[in-house]
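Residue numbers (this note's numbering), protein chains in the order written: chain H, 12 to 346; chain E, 12 to 346.
Every residue, glycine too, gets a C-beta built ideally from N, C-alpha and C.
A short worksheet on the structure shown next.
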DNA sequence: TTGTATGCGTTATCAA
DNA sequence: TTGATAACGCATACAA
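So this is what it looks like as structure tokens:
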């Protein structure tokens, strides 16, 4: 696939490449007629500057990398949607890579994407990432970096997250006010920021309403396909009257499990879980959910990253942006 | 963000860049000791070849472009998942762009991605694309191109699709055998390949079982948010006993509409629609669905595109690959 | 106003 | 076995 270059134009028009380059870039001192000729020829032959050559020269790629655990997870695909919207508007391309919840894969993918000279990186940590030295290194080298959703305390950096504490708090508060006392919690992996914050919100709500905390009511759950069913089975034995699913992905599988078991919701069991608005609207039965701002998160994170890349003063100091979740009450969870 | 280059290694080791390059590439004639030194230094300082420089030299980017209508649609995100898996394994990156079902946006996005010198393009047409001269032009220029899911008859090219005819046929057959006669069809836009094939399957099944075709039972539906409810309302007036939703995306909104109206499924109304396996498993009520092989489609399309890019003989002649859909019967639709 | 030369990182060709 | 040089496409400092 041969594409026309500056050289081709120069040859065709009997000019030097620099003249052509200047004409194309609308440089200050250039003969109007020459410019016209060049532009005309360029247009006619569909000239487009080779971004690879530009990247090499300017040491930038006008592309950002996005590392997420799974694309085919509605939270992340919705977030990517938000990222893409911003990137597109600001003239950047999006290079996507999945860690598949694996630490090793995450490290390799980040290395590859960085090797491509992306101008910055948006990352949501894999479920098995606890060591983040690979990211610290990049931050130290000055690569613009914005974490979203699954962040790490071990690095001082730009972060965009949902207000998981508040989200969990209000969900538990709602359940307590509906007369629920034994609220089981199915959480994601314990070291993840989202898990910790949601657990904190859970505990805070219990404490505020004088409901005793029972360790037995908490289970952590990996991403394996049969994990949720097993863990919910464990929790079932503790005879809870409500189930708080502290993870987007688990909420959906839990729903399937409870249906499979024929458990009457919300009477027998009030299910409440994190998810994103689109999923809640489309798929969920009319149960109460904590809606996460997935699109907005992608949107905000990408905007911040691009500000950072373009050295906008607004993005100078590290900040953690917290986005509101929304408690969508769509059916009484009254006992 | 400075990264170490061949030049840096050469300078540090008092060698020429060509020697270093040869040592790194394990070239034929090179002193074992020199090689050891270079490799050691490279490893220690995390040398990685600059893919942009390579791209410029080799006139290839090792990146493929993917143009889809919407990322945050489970069919496409699942397909992208399949694409990414293959691309990753074969050393390519994936640059993603959404047309948002707009022809204009599709044209612009394709232009941009091609300007990035992607080595090939995977495309699923926007809902409003009828003129495909922008793609013909690229194909003529020799850019490797593979269409998937939403393809066009107007171009002779590699295509990967679901067997929409058969899928629709078996769904309608199933409904008829369950005693349904007035099967309404909610279709996507009429010019889309998927719509036409599914409609053909619908008609063929009716005809085979001697059920008269009634134009009144067909409605075409754009992607606007309130369209499905309106169109289903229209269809409702024709007093159907089953509803065949010939589109992934519409299936979900239709489900929501029917629930909202409190219609008893599947007794009063047998709903059957195209969707993908993951969605069917997780979200769908136990209704019969035509499961689309989204992941597999991405997988197959990406593999074919990369074969094409790498000029594997298997990919020489144009072919249309049809993937089987699966009728997942999970509750009796018996009248 | 235009042309020449240089460099971005890498590899291939040719010379030593 | 190693080094010098050119080339990929572009922009720019400098020369004319």
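8 Å Cβ cutoff, residue i in contact with chain E
i	result
residue 61 of chain H	yes
residue 105 of chain H	yes
residue 92 of chain H	yes
residue 351 of chain H	Examination of residue 351 of chain H is not possible in this model, given that chain H is present from 12 through 346 alone.
residue 326 of chain H	no
residue 150 of chain H	no
residue 53 of chain H	no
residue 117 of chain H	no
residue 144 of chain H	no
residue 66 of chain H	yes
Any C-beta of chain H under 8 Å from that of residue i
i	result
residue 82 of chain E	yes
residue 95 of chain E	yes
residue 341 of chain E	no
residue 69 of chain E	no
residue 109 of chain E	yes
residue 85 of chain E	yes
residue 40 of chain E	no
residue 126 of chain E	yes
residue 257 of chain E	no
residue 88 of chain E	yes
residue 72 of chain E	yes
Of the residues the options, the one placed nearest residue i, counting alpha carbons only
i	options	result
residue 283 of chain H	H:186, H:251, H:230	H:186
residue 178 of chain H	H:120, H:14, H:261, H:286	H:286
residue 310 of chain H	H:252, H:22, H:101	H:101
residue 231 of chain E	E:250, E:195, E:251	E:195
residue 262 of chain E	E:324, E:250, E:271, E:300	E:300
residue 146 of chain H	H:50, H:168, H:237	H:168
residue 84 of chain E	H:89, H:80, H:81	H:89
residue 112 of chain H	H:73, H:216, H:81	H:81
residue 138 of chain H	H:151, H:115, H:346, H:128	H:115
residue 125 of chain E	H:251, H:191, H:63, H:207	H:63
residue 171 of chain E	E:27, E:335, E:75, E:142	E:335
Span of the beta strand (DSSP E) around residue i
i	result
residue 93 of chain H	Per DSSP, residue 93 of chain H belongs to no beta strand (DSSP E); it is in the alpha helix (DSSP H), 85-100.
residue 333 of chain H	331-334
residue 131 of chain H	131-134
residue 302 of chain E	300-303
residue 338 of chain E	337-339
residue 170 of chain H	169-173
residue 149 of chain E	Run containing residue 149 of chain E: none in the beta strand (DSSP E); it sits in the alpha helix (DSSP H), 144-151.
residue 195 of chain E	194-198
Residue environment, residue i, which counts as buried when at least 16 other CB atoms sit within 10 Å
i	result
residue 47 of chain E	exposed
residue 92 of chain H	buried
residue 259 of chain H	buried
residue 103 of chain H	buried
residue 226 of chain H	exposed
residue 99 of chain E	buried
residue 302 of chain E	buried
residue 86 of chain H	buried
residue 95 of chain E	buried
residue 140 of chain H	buried
residue 266 of chain H	buried
residue 224 of chain E	exposed
residue 278 of chain E	exposed
residue 36 of chain E	exposed
residue 148 of chain H	exposed
residue 242 of chain H	buried
residue 249 of chain H	exposed
Distance between beta carbons of residue j and residue i, contact taken as under 8 Å
i	j	result
residue 15 of chain H	residue 56 of chain H	5 Å
residue 165 of chain H	residue 132 of chain H	That pair is no contact at about 16 Å.
residue 338 of chain H	residue 181 of chain H	5 Å
residue 109 of chain H	residue 157 of chain H	The Cβ separation is near 18 Å, so there is no contact.
Extent of the continuous alpha helix (DSSP H) run through residue i
i	result
residue 218 of chain E	204-219
residue 121 of chain H	114-126
residue 52 of chain E	43-55
residue 286 of chain H	It is not in any alpha helix (DSSP H) - residue 286 of chain H instead sits in the beta strand (DSSP E) that spans 281-287.
residue 111 of chain E	First-last for residue 111 of chain E: undefined, no H or E at that position.
residue 257 of chain E	Element bounds for residue 257 of chain E: n/a, residue is neither H nor E.
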